[in-house]
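Residues 0 to 159, numbered by numbering that gives the first Met the number 0, are exactly what the sequence shown covers, in order.
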Amino acid sequence: MCKEMVTVYCGEGKGKTAAALGYAVQSAALGSSAIIIQFLKGKKDEELDFLRRLEPEIKFFSFARFEKDFAELSEEEQKEESMNIRNGFNFAKKVLVTGECNLLILDSFLELLDNHMVSEEDLQILMNAKSEDTELMLTGKHVNEALGRYALKIYEIHAD
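Next up, the structure:
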């Protein structure tokens with residue numbers, strides 16, 4: 000695991016996803032490939048349809064089934080969505096193991112750690128799956144101590 004290739008955008012305000020997306024566009028313009036996997040944001044077909052225009056250089060994935068954000072779902076829907084989140088996490092591991100892209104962005108991944116949907120052991124497995132050639136970018140609200148050990152660059156975004 001190459002620590003220099005792990006970047007985190009965190010903070011309470013808006014702008015983390017936009018910063019990561021901008022970085023992906025910049026990377027693609029320079030000839031790199033990027034994959035973005037969104038967690039907990041619901042299935043927003045209009046947004047994904049627009050962003051998919053950037054394929055094949057930037058590929059977008061959301062494993063959400065419901066249109067609402069995770070916090071707005073019923074308990075039963077949250078259980079189902081948790082399985083979808085696990086599928087997204089497993090897909091992220093596969094992308095890292097296979098080296099399918101130069102840049103992998105896991106959007107709202109930090110909330111998975113905060114809400115114990117992904118364990119610190121899962122985080123370690125993910126980081127160990129990453130090759131030196133793949134840059135990993137994570138977004139979310141809070142950086143926990145375990146993640147802080149892996150990331151060299153941590154940017155805290157404050158929006159007014």
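No residue lacks a Cβ here, since even glycine has one placed at the ideal position from N, Cα and C.
Since this is a predicted model, take the numbers as computed values, not measurements.
{"query": "Measure the alpha-carbon distance for T16 versus Q123 and round it to whole angstroms.", "result": "23 angstroms"}
{"query": "If you compare alpha carbons, which of E131, K152 and A128 is closest to L137?", "result": "K152"}
{"query": "Does the structure place the region 133–150 close enough to the region 91–111 that three or more beta carbon pairs sit under 8 angstroms?", "result": "yes"}
{"query": "Excluding five sequence neighbours on each side, which residues of the same chain lie with their C-beta closer than 6 angstroms to the C-beta of A128?", "result": "K92, L95 and V96"}
{"query": "List the whole-angstrom C-beta distance separating E54 from S32, where the pair is believed to meet the contact cut-off of C-beta under 8 angstroms.", "result": "Their Cβ separation, rounded to whole angstroms, is 10 angstroms, which puts E54 and S32 out of contact at 8 angstroms."}
{"query": "With contact counted as at least three CB pairs below 8 angstroms, one residue from each stretch, are the region 44–53 and the region 68–75 in contact?", "result": "no"}
{"query": "Find out if the Cβ-Cβ distance for the pair I84, I35 is shorter than 8 angstroms.", "result": "no"}
{"query": "Report the rounded CA-to-CA distance for H115 versus C100, giving the unit in angstroms.", "result": "27 angstroms"}
{"query": "N86: which of I156, E119, Y8 and L39 sits nearest, CA to CA?", "result": "L39"}
{"query": "Where do the N-terminal and C-terminal ends of the beta strand (DSSP E) with L137 fall, by residue?", "result": "E134 to G139"}
{"query": "Roughly how many angstroms separate the alpha carbons of L146 and Y154, rounded to a whole number?", "result": "13 angstroms"}
{"query": "From the DSSP output, which residues share a beta bridge with F60?", "result": "I36"}
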